[in-house]
Each structure stands twice: as structure tokens, then as C-alpha cells.
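Just so you know, the sequences run in chain order A and B. Heads up: the first sequence begins at 56 in my numbering, then just goes up one per residue. Heads up: the second sequence begins at 10 in my numbering, then just goes up one per residue. Note that CB positions come from ideal geometry on N, CA and C, so glycine has one too.
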Amino acid sequence: SQQGEEDPQALSIQEGENATMNCSYKTSINNLQWYRQNSGRGLVHLILIRSNEREKHSGRLRVTLDTSKKSSSLLITASRAADTASYFCATAATGANSKLTFGKGITLSVRP
Amino acid sequence: ETGVTQSPTHLIKTRGQQVTLRCSSQSGHNTVSWYQQALGQGPQFIFQYYREEENGRGNFPPRFSGLQFPNYSSELNVNALELDDSALYLCASRFTGANTGELFFGEGSRLTVL
Chain A
56 SQQGEEDPQA LSIQEGENAT MNCSYKTSIN NLQWYRQNSG RGLVHLILIR SNEREKHSGR
116 LRVTLDTSKK SSSLLITASR AADTASYFCA TAATGANSKL TFGKGITLSV RP
Chain B
10 ETGVTQSPTH LIKTRGQQVT LRCSSQSGHN TVSWYQQALG QGPQFIFQYY REEENGRGNF
70 PPRFSGLQFP NYSSELNVNA LELDDSALYL CASRFTGANT GELFFGEGSR LTVL
């Protein structure tokens with residue numbers, strides 16, 4: 056079963072614009088992570104936010120977490136064509152850090 | 010530092026056959042987990058190995074089995090293949106004990122069952 060539900064399913068923006076992706080989940084978590092996947096290849100970890108954190112930054116990425124609403128958002132600022140990929144949110148329950156529950160993913164297309 | 014490597018990258022099997030997929034974890038990592046990703050879906054957790062023992066399993070039948078070796082490499086075995094087993098199989102590693110939940114994924118093995 057997939058806990059994370061990303062929104063929107065697909066997003067198309069112009070290079071230089073910001074991309075905002077949302078994720079909702081159902082159960083209590085230890086942390087929430089965002090991964091990126093290019094064309095059915097391996098996943099690359101982008102950023103992790105713990106359940107006691109509300110916001111985190113890494114380069115052009117900003118992630119927020121609202122545990123009361125069981126939701127998270129990932130913001131990519133000043134997007135580039137190279138950001139075109141699928142993005143997944145994944146949640147980890149307490150004590151089960153290797154078991155991640157992924158959503159179905161968001162397909163981001165950045166037009167040059 | 011060597012990343013996670015998987016083999017083979019692609020393979021085709023027929024229904025009823027058996028398959029073994031291999032994974033070498035990232036240097037220094039002692040925990041390996043396997044995920045199945047069907048086309049257009051997110052990865053689903055199959056199981057996890059730590060110190061050569063399975064210590065977590067997702068909703069997969071017993072015909073999905075695995076091994077972890079002393080060097081922390083791992084195998085995923087699937088018996089009696091079914092058409093729905095066609096997917097990308099991803100291996101991920103981490104160091105249990107590190108204060109991070111980040112997983113490091115390999116490029117995957119794409120299995121097609123005909």
C-alpha cells in the first residue's frame with residue numbers, strides 16, 4: 056500500500072519558474088524524505104525532514120512539514136531543464152528507517 | 010567511495026521461472042533493502058536485511074526471498090514468476106546506527122516476465 060499521495064500528478068513549468076509539489080500521508084512518521092528519479096533509473100535522495108522539524112533548506116530546495124495536517128511540500132526554486140524528472144515523497148515510521156513508504160510520484164517537466 | 014551496484018540491469022524471463030538479482034551495497038553500509046517499482050508507480054518495500062538476517066518485510070508472498078552475505082552484498086530471489094512481477098527492482102543501502110534515514114539506491118534491475 057502507498058501512504059504518500061503526491062499532488063499534482065504532473066507539473067509542467069518554464070525554466071526559471073518555481074515548482075511546488077505536495078505530499079500527504081496517513082500515519083505517524085519519524086521522518087519524510089523526497090527522492091528524485093530520472094526515466095525509470097535509480098532514486099536519488101534530495102532532502103529529509105524529521106517529524107520535529109517544520110522547514111528545511113538545501114540549495115534550491117525547500118521542504119516543509121506539517122504533522123498536524125500530515126502533509127509536506129517541496130519547493131524547487133529557479134527550475135532548470137535538468138530538474139525534469141519524477142519526484143517521490145517517502146515516509147519512514149519510527150524504528151523502521153529502511154522501510155520507506157512511497158507515493159506514486161509527480162512528473163515534473165521543465166521547458167527550456 | 011563505491012555506490013550501490015545492481016546486476017543484471019535488464020532481464021527477460023517466462024512465467025514459472027526463477028530469478029536471482031544481485032546487489033552490492035555502498036561501502037560501509039550494513040543494511041540492505043529491496044523495493045519493487047511497477048511502471049508508473051512508486052517503489053514498494055519488499056524486505057530489509059541487517060547482519061545477514063531479514064528484519065522487516067512488506068506485503069510480498071514467500072516466493073520473494075533474499076540473502077545478505079558477510080560483505081553486506083545481497084540477493085533477491087523470486088520463484089514461480091508471474092506476469093505481475095514485471096517491474097524495476099531497486100536495492101538500497103544504509104548504515105544502521107547513523108543518525109540519518111537517507112537510503113542510497115542502485116540503478117535497478119528491470120525484470121520482464123513473458
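With contacts defined by Cβ atoms closer than 9 Å, S33(B) and T14(B) form a contacting pair. When rounded, the separation of the alpha-carbon atoms in A47(B) and R109(A) is 32 Å. Residue R135(A) holds the alpha-carbon nearest to the alpha-carbon of I68(A) among A148(A), G160(A) and R135(A).
One Cα belongs to T121(B), the other to T105(B), and the distance between them is close to 32 Å.
Under DSSP, V87(B) takes part in a beta bridge, and its partners are V28(B) and F73(B). The residue among P70(B), A96(B), G49(B) and S74(B) with its C-alpha nearest the C-alpha of Q57(B) is S74(B).
Think of a sphere of 9 Å around the beta carbon of H100(A): the chain B residues whose beta carbon falls inside it are E111, L112, F113 and F114, in chain order.
Residue contact with chain A for V13(B): present (Cβ-Cβ distance below 9 Å to some residue of chain A). Counting only Cβ-Cβ distances below 8 Å, G158(A) has contacts in chain B at G51, in chain order. Around G115(B), the same chain offers V13, T14, Q15, C32, L99 and C100 as residues with beta carbons nearer than 7 Å, after the five sequence neighbours per side are excluded. For L120(A), the CB contacts under 7 Å within the same chain, skipping 5 residues up- and downstream, are L87, I104, E108, R109 and S127 in chain order. When 8 Å is used as the limit between beta carbons, G37(B) is near no residue of chain A, the shortest such separation being about 15 Å.
In the DSSP annotation of this structure, the continuous segment of the beta strand (DSSP E) that includes D62(A) starts and ends at E60 to D62. A74(A) sits in a strand when the DSSP states are folded into three classes.
By the C-beta density criterion, Q45(B) is buried, having at least 16 other C-beta atoms within 10 angstroms.
Under the 8 Å Cβ criterion, the stretch 88-101 of chain A does not count as touching the stretch 21-28 of chain B, having fewer than three qualifying pairs. Straight-line spacing of the CA atoms in L90(B) and R72(B) works out to 9 Å. For G114(A), no chain B residue has a C-beta closer than 9 Å to its own C-beta; the minimum C-beta separation is roughly 16 Å.
If you look at T146(A), you'll find it in the beta strand (DSSP E) that goes A140 to A147.
Taking 9 Å as the threshold, the shortest C-beta distance from R119(B) to chain A falls below it.
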